[in-house]
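Going down the list, the protein sequences come from chains A and B. The first sequence begins at 498 in our numbering and counts up one residue at a time. The second sequence begins at 73 in our numbering and counts up one residue at a time. The beta carbon of each residue, even a glycine, is placed where N, CA and C say it ideally should be.
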Amino acid sequence: MLYLLQHYWWLLVSLLGSLLVFLMFVQGGQSLLFGIVKSKEEKTLLINALGHKWELTFTTLVTFGGSIFASFPLYYSTSFGGAYWLWMSILFLFVVQAVSFEYRGKAGNVLGSKTYEIFLLINGFFGSLLLGVAVGTFFTGGSFVMNKMNITDPLQPVISYWTNGWHGLDAIANPFNLLMGIVVYLAARTLGLLYVIKQIDLDSLVAKAKVQIKVTGVAFILGFVGLLIALFTMTGHSVSPENGVISAVKYKYFFNMVELIWPAIMLICGILMVLYGIGSSLFSKGKFSFFITGGGVVLSVWSILICAAFNNTAFFVSTVNLQQSLTLYNSSSSLFTLKVMAYASLFIPFVMGYVIFVWRSLSKTKISNSDLDRPDAHKY
Amino acid sequence: MLLASLLGLSRLQFALTAMFHWIFVPLTIGLGFIIAIMETYYVRTGNEFWKRTTKFWMKIFAINFAIGIATGIILEFQFGTNWSNYSWFVGDIFGAPLAIEGIFAFFLETTFFAIMFFGWNKVSKNVHLLSTWLVAFGTVLSAMWILVANAWMQYPVGMEFNPDTARNEMVDFWAVALSPIALNKFIHTVTNCFVVAAVAVTGISSWYLLKKREEEFARKSIRIASVFGLISLIILIWSGDGSAYHVAKKQPMKLAAMEGLYRSQIGTPIVAFGILNPKKSISRLERDSLGFALQQPYLFNISIPKGLSLLVDRKSNTFVPGIEDIIQGGYTYINNQGEEVIALPVRERMKRGRVAIGALASYHKAKEVGDDQGKEIALATLKENFGHFGYGYIEKPTDIVPNVPLTFYAFRIMVILGGFFILLFSLAIYLERKGIIYRTRWFLVLSIVSVPLVYICTQAGWIVAEVGRQPWTIQDLLTTGASLSGVSASSVMTTTIMFFVLFSVLLAAELTILFKVIHKGPAQ
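Structure (structure tokens):
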């Protein structure tokens, strides 16, 4: 039962992670500021279109963090407490985003609109990049040591340490993590462009987005292919279910895909949807391109995250002491807690149901300047 | 110097973040309900005046909501970044409410927030009203789960220590979710939020009356807010009494600090107002116990005879232990199992705590070498002494005493201001019913002054709850010192400075926008 629930919760956490990457179209859209967006009219429209959705992305990020804390607290403790500067950087990048939409256009704004637009741009680029880097550590691990029994030393009870002074910033220097960060950013930007095409009623901006999607979409696909090659050829780490011993296995993630099969099917479906979604935006009106590409991104990211921990894989490897690496078995909450939360998770379809209802209600028509010019409009 | 240490800086950073977060959250929670009431008037009457009024207060709500979200995520991250040991030790219990909060409350708030602000012309009036109510309930639901987690830290129940994983594990969800401390804390905190919002609405509306602007808007806003505030305040005071009752039972040291009570007696008085004698300090107790004993606890005080005994046990002759009594032990009390037991001296509890910690280490050593008998002995020792586990991390007995002056004065500030707000709301209702509120200048000024006061009051309440719990993160089980991450003090110092600068800038940005919106008024 515990085994089942540990895997169930990794599935859910991974699903939240993949939904987060999809919803980071908001970050991708923000990264278009000062780029293809030139006029004040375009800027205001873009920010307002994204502003209707930013809280959903932010909430998914918070829930993603909360779910990891709840289901795999040892990961939360080891990664957040160890890779201190990486997580703090992500935190600052998201805090400045949270106020920028609401405050940017308000009268009495002492920092000036431009400051908030810069905050949005920085969050759009570096926020998605660094979150990608953090996700990359699921495959590359970290320079930590962890021993729960340190708690029995009253003078030095800390159970985990990062062994170098970079405290997580070293993760950015890892080529795989960096590639993951860049691919997450490109995915976000591609989805941001598709969202502009789908949701904004301003021909000049949509035309520019359609030109941009050719470059960004292709870069995303190439980057993603590169990431998959790197992932499938890298050495992963396997944990023995019998004795918990962790050992290096060549092509571990490739074998995970092949041995489990269903993540591979998800990945193939995801890639086809991404290709179709981006292609349809180039050769047709692309009415559904955003959702098709988004669905493809969710499936692809979900399958990759599943392979990070399923099939007896260590999902947060200690590069200092392999045997102290984290697996689903040694880092999860207890059977009782996972069970309680599993009951709570039965409400997730209901939550997703009303999120979709509200999304549909508010996004039936494209957003235009005339919507924003209405006297009672809540304008960002 | 505490503030130069990792512990001091980590505590400072968490306190700074939590207090900054708590500037925005209570107004958001309370205002959500006031807005929902106003919109209900609009939907029922169809009067455009109520729509305009609702939309004005919604603007204030949105400005607060954004910054509340921004600061909320910082707290969530800090559990991991600065308190990683704590995250592991209690993640099995604390994580569940946090995850449930995310699934149930955050999505409810943010999803329907979108309809509330962007859906006026896209959904029907009734769907919009429902969304506004759902956002209000979402904010309360969100508060509920985080307060359940906080209550568990004050009174850990529904869990067992697992020696194999070296952490506490939940065994009874309902004991955690419905513990009397959690229920009381939830009611006390949420009604406190309602009062904050009611004072803010009354204060802002009074400013309009003082400026002879928006009279109908201001008077009707005051009418709703003052009644809402007064009802909330009555429940708040009732739950405050419950809080003190629970603190007395579960956290006697916190109560002693709240009262500045060092030595007690049968039929303990309560200090209604007092000034502590600075010479009677814990540092003096450590270095000069005779000199300490000769000092009176208060320079001046007005006390109600037997008041504290009545408050904590509803009996006039109950013995309420003071700080020195708790350190020295020897008095009888009723434990969590309902048995009458003699309190152990803290020094003895420290000894037993170290025995428990040592037994955990022995258990693991025996497990490693396959010594089953050794495991059993260690386990039995651990179980016998587990109630003192946290005391094993305490260096000296006086370390279990929280900051007495801060707790003592914060408690009095909270109570005195709470009493003042009864007067404020009662006067508001009376003057409004008489129809003279708009020309009662002194009251309007008082209402405006009350806005910063209500923030001082609510912050003081959290200071009592959190400073009073020191040195524990989890009462009797884990100290703040044993909860830390393995990061350097300089890293935490740097991020604390960064947070301080960020918060100062955000506060300035928020207030200037808020003042501008108020200045423009609902007509804009």
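- request: Output yes or no for whether 9 Å exceeds the beta carbon distance between Ile374 of chain B and Gly346 of chain B.
  value: The residue given as residue 374 of chain B occupies position 302 in the second sequence. The residue given as residue 346 of chain B occupies position 274 in the second sequence. Going by C-beta atoms, Ile374 of chain B is nearer than 9 Å to Gly346 of chain B.
message: Measuring straight from C-alpha to C-alpha, what distance separates Ala595 of chain A and Leu501 of chain A?
response: Numbered from its first residue, the first sequence carries residue 595 of chain A at position 98. Numbered from its first residue, the first sequence carries residue 501 of chain A at position 4. Between Ala595 of chain A and Leu501 of chain A, the C-alpha separation is close to 37 Å.
field: For Ala223 of chain B and Ala254 of chain B, believed in contact at Cβ under 8 Å, the rounded distance
entry: Taking the second sequence and counting its residues from 1, one reaches residue 254 of chain B at position 182. Taking the second sequence and counting its residues from 1, one reaches residue 223 of chain B at position 151. Contact flag correct, Cβ pair sits at about 4 Å.
- request: Would you mind listing the alpha helix (DSSP H) stretches within the region 691–749 of chain A that are 4+ residues and don't spill past its ends, in chain order?
  value: Qualifying alpha helix (DSSP H) stretches, in chain order: 700–730.
As assigned by DSSP and simplified to three states, the class of Leu250 of chain B: By 1-based counting over the second sequence, the position of residue 250 of chain B is 178. In the structure shown, Leu250 of chain B sits in coil (DSSP, three-state: anything other than H, G, I, E or B).
message: So the candidates are B:Phe149, B:Phe179, B:Val162, B:Ala415; which of them puts its Cα closest to the Cα of Phe847 of chain A?
response: For the purposes of this step, residue 847 of chain A is taken as residue 350 along the first sequence, with counting starting at 1. Checked all of B:Phe149, B:Phe179, B:Val162, B:Ala415; the closest Cα to Phe847 of chain A is B:Phe179.
query: Skipping 5 residues on each side, what residues in its chain have a beta carbon closer than 7 Å to that of Lys590 of chain A?
result: As a working mapping, residue 590 of chain A is identified with position 93 in the first sequence. Note on residue identity: the sequence assigns Leu, not Lys, to residue 590 of chain A. So the list reads Ile619, Asn620, Phe623, Gly624, Leu627, once near-sequence residues are dropped.
task: Sort A:Gly605, A:Glu599, A:Val630, A:Val632 by Cα distance to Phe616 of chain A and report the nearest one.
output: By 1-based counting over the first sequence, the position of residue 616 of chain A is 119. The option with the nearest alpha carbon to Phe616 of chain A is A:Glu599.
message: Considering only DSSP beta bridges, list what Glu412 of chain B is partnered with.
response: Within the second sequence, numbered from 1, the residue matching residue 412 of chain B stands at position 340. Looking at the DSSP assignment, Glu412 of chain B forms a beta bridge with B:Ile406.
query: When you compare only the Cα positions, how much space is there between Ser815 of chain A and Thr634 of chain A?
result: Counting from one through the first sequence, the residue named residue 815 of chain A turns up at place 318. Counting from one through the first sequence, the residue named residue 634 of chain A turns up at place 137. Roughly 10 Å between the two C-alpha positions.
query: Interface residues of chain B around Trp663 of chain A at Cβ under 8 Å?
result: Working through the first sequence from its first residue, we reach residue 663 of chain A at position 166. Going along chain B, no residue has its Cβ under 8 Å from Trp663 of chain A, so there is no contact; the nearest lies around 11 Å.
- prompt: For Glu582 of chain B, which residues of its own chain have a beta-carbon under 7 Å away from its beta-carbon, when the five flanking residues on both sides are left out?
  reply: Taking the second sequence and counting its residues from 1, the one referred to as residue 582 of chain B is at position 510. Within the same chain, and ignoring the five residues on either side of Glu582 of chain B in sequence, the residues whose Cβ sits closer than 7 Å to its Cβ are Ile135, Ile139.
task: Tell me whether Ile585 of chain B sits in a helix, a strand or coil according to DSSP, three-state version.
output: Here residue 585 of chain B is taken as the residue at index 513 of the second sequence, counted from 1. Three-state DSSP puts Ile585 of chain B in a helix.
- prompt: Candidates B:Glu288, B:Ala270, B:Ile218, B:Gly540: which alpha carbon is nearest Pro594 of chain B's?
  reply: The residue labelled residue 594 of chain B in the question sits at position 522 within the second sequence. Checking every option, the nearest Cα to that of Pro594 of chain B belongs to B:Glu288.
task: List the endpoints of the continuous alpha helix (DSSP H) containing Val392 of chain B.
output: For the purposes of this step, residue 392 of chain B is taken as the residue at position 320 of the second sequence. Note, Val392 of chain B: premise wrong, no alpha helix (DSSP H); not H, not E.
message: Using C-beta distances below 6 Å, list every residue in its chain close to Met73 of chain B, excluding the 5 sequence neighbours before and after it, in chain order.
response: What you label residue 73 of chain B is simply residue 1 of the second sequence in a count that begins at 1. Confidence is the limiting factor: at Met73 of chain B the pLDDT is only 48, short of 50, which leaves the residue's position unreliable, though a coordinate-based value still follows. Correct list: empty, nothing qualifies.
- request: At 8 Å on the CB atoms, spell out the chain B contacts of Thr560 of chain A, in chain order.
  value: Position 63 of the first sequence, counted from the first residue, corresponds to residue 560 of chain A. Ordered by position in chain B, the residues that pass the 8 Å Cβ test against Thr560 of chain A are Ala171, Gly174, Ile175, Phe178, Phe179.
query: Which runs of the beta strand (DSSP E) spanning at least 3 residues fall entirely within the region 517–586 of chain B, listed in chain order?
result: Counting only runs of 3 or more residues that sit fully inside the region 517–586 of chain B, the beta strand (DSSP E) segments are 544–546, in chain order.
- prompt: From Ala891 of chain A to Pro341 of chain B, what distance separates their C-alpha atoms?
  reply: Because chain A in this structure spans residues 498 to 877, residue 891 of chain A falls outside the shown range and cannot be described.
task: Could you tell me which chain A residues have their CB closer than 9 Å to the CB of Met242 of chain B, listed as they occur along the chain?
output: Here the question's residue 242 of chain B lines up with position 170 in the second sequence. Those are Ser830, Ser831, Phe833, Thr834, Val837, listed as they occur along chain A.
task: Could you tell me whether the Cβ of Lys861 of chain A comes closer than 9 Å to any Cβ of chain B?
output: Counted from its first residue, the first sequence places residue 861 of chain A at position 364. It does: the Cβ of Lys861 of chain A has a partner Cβ on chain B nearer than 9 Å.
message: Suppose contacts are defined by Cβ-Cβ distances below 9 Å. Is Val722 of chain A in contact with Leu675 of chain A by that definition?
response: Translated into positions along the first sequence, residue 722 of chain A becomes position 225. Translated into positions along the first sequence, residue 675 of chain A becomes position 178. Cβ distance not < 9 Å, so Val722 of chain A and Leu675 of chain A don't count as in contact.
- request: May I have the straight-line CA-CA distance separating Leu451 of chain B from Arg335 of chain B, to the nearest angstrom?
  value: Stepping through the second sequence from its first residue, residue 451 of chain B is reached at position 379. Stepping through the second sequence from its first residue, residue 335 of chain B is reached at position 263. About 38 Å.
message: Looking at chain B, is there any beta carbon in it that lies within less than 9 Å of the beta carbon of Arg871 of chain A?
response: By 1-based counting over the first sequence, the position of residue 871 of chain A is 374. With 9 Å as the cut-off, Arg871 of chain A counts as an interface residue toward chain B.
message: Between Gly446 of chain B and chain A, is the shortest Cβ-Cβ distance under 9 Å, so that the two count as touching?
response: On the second sequence, position 374 is the one that residue 446 of chain B refers to. With a threshold of 9 Å between beta carbons, Gly446 of chain B makes no contact with chain A.
message: Given 8 Å as the limit, tell me if Phe752 of chain A has its C-beta closer than that to any heavy atom belonging to the ligand FMN.
response: This structure simply doesn't include the ligand FMN, nor any ligand for that matter.
message: Any beta carbon from chain B within less than 9 Å of Asn818 of chain A's own beta carbon?
response: Counted from its first residue, the first sequence places residue 818 of chain A at position 321. Not one chain B Cβ lies under 9 Å of Asn818 of chain A.
message: Between Ala208 of chain B and Phe105 of chain B, how many whole angstroms is the CB-CB distance? I'm expecting something under 8 Å.
response: Your numbering for residue 208 of chain B matches position 136 in the second sequence. Your numbering for residue 105 of chain B matches position 33 in the second sequence. The pair is a contact, with the Cβ atoms about 5 Å apart (cut-off 8 Å).
query: chain B beta carbons: is any one of them nearer than 9 Å to that of Asn866 of chain A?
result: On the first sequence, position 369 is the one that residue 866 of chain A refers to. At a cut-off of 9 Å between C-beta atoms, Asn866 of chain A does not count as an interface residue with respect to chain B.
Cβ neighbours of Cys454 of chain A in the same chain (closer than 7 Å, five flanking residues each side left out): Outside the shown range of chain A (498 to 877) lies residue 454 of chain A, about which nothing can therefore be said.
query: With DSSP run on the structure shown, which of helix, strand or coil describes Met643 of chain A?
result: The count along the first sequence starts at 1 and reaches residue 643 of chain A at position 146. In this structure, Met643 of chain A counts as strand in the three-state DSSP scheme.
message: For a contact defined as C-beta to C-beta under 8 Å, what are the partners of Lys611 of chain A on chain B?
response: One-based indexing of the first sequence puts residue 611 of chain A at position 114. Near Lys611 of chain A there are no residues of chain B at all, since even the closest Cβ is about 14 Å away, more than 8 Å.
query: Since Met188 of chain B is in the beta strand (DSSP E), which residue starts that stretch and which ends it?
result: On the second sequence, residue 188 of chain B is found 116 positions in, with the first residue counted as 1. From DSSP, Met188 of chain B is part of no beta strand (DSSP E) but of the alpha helix (DSSP H) over 179–190.
- prompt: Since Lys326 of chain B and Pro474 of chain B are thought to touch, with beta carbons under 8 Å apart, how far apart are those beta carbons, to the nearest angstrom?
  reply: Working through the second sequence from its first residue, we reach residue 326 of chain B at position 254. Working through the second sequence from its first residue, we reach residue 474 of chain B at position 402. Indeed, because the Cβ distance is near 7 Å, the residues count as touching under 8 Å.
- prompt: Since Gly191 of chain B meets chain A, which of its residues come closer than 9 Å, beta carbon to beta carbon?
  reply: To locate residue 191 of chain B, count along the second sequence from 1; it is residue 119. Going along chain A in sequence order, the residues near Gly191 of chain B (Cβ under 9 Å) are Val855, Ser858, Leu859.
field: Nearest neighbour of Pro228 of chain B, chosen from B:Gly210, B:Pro235, B:Asp236, B:Ala249 [CA to CA]
entry: If you number the second sequence from 1, residue 228 of chain B lands on position 156. Checked all of B:Gly210, B:Pro235, B:Asp236, B:Ala249; the closest Cα to Pro228 of chain B is B:Ala249.
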